[in-house]
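Below is one structure, written out as structure tokens, with a few remarks after it.
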């Protein structure tokens, strides 16, 4: 069988990579653990930044190409058909090359931190780049930041595995990759650091900040040097704050919180609709993409990330957004523009749900900024057009609105505040940013206990990255704590046989099973002590008289949090584990607490 020829370039590249890996192993043997970690966080930062550059450049190029086609055809957003190709191509790649599945959303990073010792699959280093490029680059109404953070986390995790770093350093480098990705995507290193700490890592010491800061700075620097500034979301105008506008910012904060909840719930409904669908992969992709194409036809700013339209909203002529649409001839009418903006921000969640639910890949970070910007514009323009306050600065409200919705959706007010402060080039709006973000977060937190990315996981008890104790509990595997040194008693046994068994073992609790080995109940030695030491009662008592229903049992697939709750409510020292009503063994409270203490030692990141 003939062997495949490998190009000289590939061979040379492999040779250089092996040399570089050998050099890093040598470096690891020479440097201290802390010094090697600092070198590592720089390399992870560079890798994440390069991934950002590839993603952003591709998506921006396709967007420019789509606008060019529009300019030639002069039809209402004729390229609305592009997302159909993008989502179908994404579905094809996932099915043929990625084993039919791909993890979406930052929740996958949280699962890795909480339940998988910071280990992420190797395929995440390239799968997110390829699929999100196809989806968002060809017009899918989602963002690239979530795939960017997953890619960065995968770089950090797999780098740590390659060079045999321990759990603490592996998790820290995972967070470094996330920070570098966010920093490079927005040229906002502080926001990258805060996002890693606020969203990804629940508990860490101050010394852990240093590697994350180094990675974020590295990512931002590489992006600044290589990536064209026009691709990034940034605002050159210096924005200032007028304290007379505080009441309007309070209103914006309240609306941002409510809109955040609406966006999260609407998105989940659409995504769940496709999740429950029994259609084939391609049929599901075609239906969802076609529905998205129709929405984009009528609301063209839903195309892609939407960052260009965010910049347009803050410009002197926002009516440009109506060009090449069915409302083109009304672009000078401020009320029609306001209606268009309001309707678009409400439909964005549906468009994003269609994009991701039907098989595309992306995230909700960019959509949250899109919705926030549109909401801020809507609020300020409404008060201006109604004559309540004709001097409200629309640019300020568009920018601050982004922080409000981002804070409400991701429950990350600090990230939202400093991200917007950095991309506006100054901190002149710090006070309204604090007001709007905190109000939005408070309302969203009250109505939705968990951020939109982890709500489903939190409801099932899979992961709680904002709660260290629950993180540790969720990382404990029940199956590894099951003791099998138990002695089952048949329900048909005689009592004197049980007495003989008790004399031959040190166990004090015995499961009782029927002829089909199904669990019936338990026998406690302490409860029958007065019987077994009385020969008369042993002779004339039935086994059924001493069988008890346990105060609690554990299902094999039960999460550790509810296992602990059962121990607390039943006041038992051990509980039997059942699967299909068959007894697999038992777990003790002592074993769980010992495991918890061991996990606690390794969970603190320093």
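In our numbering, the protein residues as written are 17 to 622. Beta carbons are placed, not taken as given, at the ideal position from N, Cα and C, and that holds for glycine.
* With residue 125 and residue 216 assumed to form a contact (beta carbons below 8 angstroms), what rounded beta-carbon distance in angstroms separates them? -> 6 angstroms
* To do: Return the residue from the list 120, 127, 469 that minimises the CA-CA distance to residue 277.
  => 469
* Which of helix, strand or coil DSSP assigns to residue 17 -> In this prediction, residue 17 scores a pLDDT of 44, lower than 50, which makes its location untrustworthy; the coordinate-derived value is nonetheless stated afterwards. Of the three classes helix, strand and coil, the one that applies to residue 17 here is coil, per DSSP.
* Identity of the residues DSSP links to residue 529 by a beta bridge -> According to DSSP, residue 529 shares a beta bridge with 506, 535.
* Best match in 239, 538, 330, 460 for proximity to residue 592 [C-alpha to C-alpha] -> 538
* Straight-line gap, residue 430 to residue 413 (C-alpha atoms, nearest Å) -> About 18 angstroms.
* Asked: DSSP state of residue 159, grouped into three classes?
  -> Three-state DSSP puts residue 159 in a strand.
* Kindly confirm or deny that the stretch 98 to 118 and the stretch 160 to 178 touch, where touching means at least three C-beta pairs closer than 8 angstroms. => no
* Asked: Going by alpha carbons, who is nearest to residue 136 out of 186, 154, 104, 161?
  -> 186
* Does the separation of the CB atoms of residue 67 and residue 167 fall below 8 angstroms? -> yes
* Going by C-alpha distance, which of 596, 597, 577, 599 is nearest residue 605? -> 577
* For residue 210, count neighbouring C-beta atoms within 10 Å of its own C-beta (all shown protein chains included) and say buried if the count is 16 or more, exposed if not. => Residue 210 is buried by the Cβ-count criterion.
* To do: Quick one: measure Cβ to Cβ for residue 195 and residue 231, integer angstroms, because I've assumed they're closer than 8 angstroms.
  => Confirmed, about 5 angstroms.
* So, using beta-carbon positions, are residue 286 and residue 387 closer together than 8 angstroms? -> No.
* Figure out for me which residue from 171, 467, 63, 322 has the closest Cα to the Cα of residue 283. => 467
* Report the rounded CA-to-CA distance for residue 353 versus residue 395, giving the unit in angstroms. => 13 angstroms
* Asked: Would the C-beta of residue 189 count as close to the ligand COA, meaning under 7 angstroms from any of its heavy atoms?
  -> Judged by which ligands are present, the structure shown has none, so any question about the ligand COA falls away.
* To do: Indicate the three-state DSSP secondary structure (helix, strand or coil) for residue 215 in the structure shown.
  => Assignment of residue 215 by DSSP, reduced to helix, strand and coil, places it in the helix class.
* Asked: Of all the alpha helix (DSSP H) runs that stay within the bounds of the stretch 293 to 366, which reach a length of 4 or more residues?
  -> Considered as a whole, the stretch 293 to 366 harbours 297 to 314, 323 to 329 as its complete alpha helix (DSSP H) runs of no fewer than 4 residues, in chain order.
* Just the C-alpha distance for residue 143 and residue 134, rounded to the nearest angstrom, thanks. => 18 angstroms
* **Environment of residue 377 [buried if 16+ CB atoms lie within 10 Å]** => buried
* Element boundaries [beta strand (DSSP E), containing residue 602] -> Unbroken beta strand (DSSP E) run through residue 602: 598 to 604.
* To do: Could you tell me the distance, in whole angstroms, from the CA atom of residue 481 to the CA atom of residue 127?
  => Any reading at residue 481 needs caution, since the residue's pLDDT is 49, under 50, leaving its predicted position unreliable; the model's value is listed next. Approximately 8 angstroms between the Cα atoms of the pair.
* Sequence-distant residues of the same chain with beta carbon closer than 7 angstroms to residue 101, five excluded per side -> 154
* Asked: Among residues of its own chain, excluding the 5 on either side of residue 140, which ones have a beta-carbon nearer than 6 angstroms to its beta-carbon?
  -> 166, 170
* Asked: Do residue 389 and residue 423 have their CB atoms nearer than 8 angstroms?
  -> no
* Per DSSP, residue 592 forms a beta bridge with which residues? -> 602
* Can residue 160 and residue 382 be called in contact, C-beta distance under 8 angstroms? -> yes
* Asked: Which class does residue 565 belong to by DSSP, given the choice of helix, strand or coil?
  -> Residue state, collapsed to three classes: coil.
* Asked: According to DSSP, what are the bridge partners of residue 499?
  -> Answer is 602, bridged to residue 499.
* **Which of helix, strand or coil DSSP assigns to residue 570** => strand
* In the DSSP assignment, what are the bridge partners of residue 379? -> For residue 379, which the question treats as bridged, DSSP gives the partners 159.
* Asked: When the distance is taken between beta carbons, is residue 326 closer than 8 angstroms to residue 385?
  -> yes
* Top-ranked residue by Cα proximity to residue 279, from 110, 415, 360 -> 360
* Excluding the 5 residues preceding and the 5 following residue 534 in the sequence, name in chain order all residues of the same chain whose CB lies nearer than 7 angstroms to its CB. => 597, 598
* Whole-angstrom distance between residue 529 and residue 162, CA atom to CA atom -> 51 angstroms
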